[in-house]
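My numbering numbers the first residue of the sequence shown as 214 and each following residue consecutively. Idealized CB from N, CA, C, for every residue including glycine. Please read all numbers here as calculations on a predicted model, not as lab measurements. Contents: one structure, followed by commentary.
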Amino acid sequence: MADNIARVFAAAIAPDPAQPLLTWYDDATGERTELSGATLANWVAKTANLLTDEVAAGPGESAGALLPPHWQTAAVLLGCWSAGLVVADAPGPVEVLFAAADRVGEADAWPAAERYALALAPFALPLREVPAGFADYVVAVRAHGDHFTPYAAGGPADAELLSRAAARAAELGLARGDRVLLDVTAHPDPVDWLLAPLVAGASTVLCANADPARLPARAETERVTRTLT
């Protein structure tokens with residue numbers, strides 16, 4: 214069993230980095246954002262560089278992520294894991310906190326030296342107003358390098374997360390080469406919507422606020438092979 218999430222991600226995109234890896238739909242806003250493996254890897258590298266260069270966070274330290282399923286959340290989580298951080302699953306002190314703009318009010322339960330807010334807006338637009346005590350993630354991350362060499366040992370939680378992801382991939386029937394349409398409301402755990410497809414070698418079409426009437430046509434347009442709603 215692989216024990217390094219960064220290596221699993223690299224292996225997932227290696228066959229063809231230009232192919233779509235994660236496609237994001239939000240039926241409440243009409244947004245569609247498609248990321249190739251190379252594009253997502255660029256965001257992941259920038260996030261990992263932000264963590265190491267700006268936050269000065271290192272392997273074994275912790276991050277908080279008050280974030281819903283989203284393509285930017287994928288970049289944040291994979292960036293944290295690439296930098297060897299543990300993404301905490303319960304409130305408490307962390308080195309760095311990433312919070313959706315509508316969840317910054319929960320930050321008091323996550324004491325952090327550095328805090329970043331995310332608008333999660335279409336086209337990765339910045340926040341119109343940055344909350345006090347926070348920096349804007351999409352503004353900050355763009356200043357950092359496009360390449361990052363992950364730590365060889367991986368993070369201390371990687372093996373357990375990847376074991377769970379492999380089990381979920383089997384339970385969900387995911388296979389290499391699958392194109393998976395996934396309702397994030399039904400599958401909010403990143404083990405399901407992010408790690409399980411990566412472990413299986415599948416690409417994903419993530420749907421937020423999914424309109425059931427639109428899903429059949431979307432599945433056909435996106436050449437979906439597996440639907441999870």
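Among GLY243, ARG245, THR265 and GLY318, which one has its Cα closest to the Cα of HIS360? For the residues GLY243, ARG245, THR265 and GLY318, the minimum Cα distance to HIS360 belongs to THR265.
Using a Cβ-Cβ cut-off of 7 Å (strictly less than) and excluding sequence neighbours within five positions of ALA413, which residues of its own chain qualify? Same-chain partners within the cutoff: ALA382, LEU387, ALA388, ARG389 and ASP391.
Taking the beta strand (DSSP E) that VAL393 belongs to, which residues open and close that run? Under the DSSP assignment, VAL393 falls in the beta strand (DSSP E) whose first and last residues are 392 to 396.
Nonlocal neighbours in the same chain, by C-beta distance under 7 Å from ARG316, ignoring five residues either side: Once the five neighbours on either side are set aside, the close Cβ partners of ARG316 are LEU279.
As an exercise, report each continuous beta strand (DSSP E) stretch of at least 3 residues that is fully enclosed by the segment 228 to 275, in chain order. 233 to 239 and 244 to 249, all fully within the segment 228 to 275.
Can you tell which of LEU407, ALA332 and VAL299 has its C-alpha closest to the C-alpha of LEU253? Of the candidates LEU407, ALA332 and VAL299, the one whose C-alpha sits nearest the C-alpha of LEU253 is LEU407.
Environment of ASN262 [buried if 16+ CB atoms lie within 10 Å]: Around the C-beta of ASN262, 16 or more other C-beta atoms lie within 10 Å, and the residue is accordingly described as buried.
For VAL352, count neighbouring C-beta atoms within 10 Å of its own C-beta (all shown protein chains included) and say buried if the count is 16 or more, exposed if not. With fewer than 16 Cβ atoms within 10 Å of its Cβ, VAL352 is classed as exposed.
Pull up the distance between the alpha-carbon of GLY277 and that of TRP323, whole angstroms please. Their backbone Cα atoms lie some 7 Å apart in a straight line.
Over what stretch of residues does the alpha helix (DSSP H) that includes PHE347 continue unbroken? For PHE347, there is no enclosing alpha helix (DSSP H), as DSSP marks it with neither H nor E.
Return helix, strand or coil for ALA313, following the three-state DSSP convention. If DSSP states are grouped into helix, strand and coil, ALA313 belongs with the strands.
Quick one: residues in its chain with C-beta nearer than 7 Å to the C-beta of GLU274, no 5 flanking neighbours on either side, listed in chain order? The residues are LEU298 and GLU308.
I'd like the list of long-range same chain contacts for GLN285, defined as Cβ closer than 8 Å, with 5 residues on each side in sequence excluded. TRP256, LEU331, LEU333, ALA337, TYR350 and VAL351.
Beta strand (DSSP E) runs contained entirely in the segment 322 to 392, provided each spans 3 or more residues: Annotation note: the segment 322 to 392 contains the following uninterrupted beta strand (DSSP E) runs of length 3 or greater, listed N- to C-terminal: 325 to 331.
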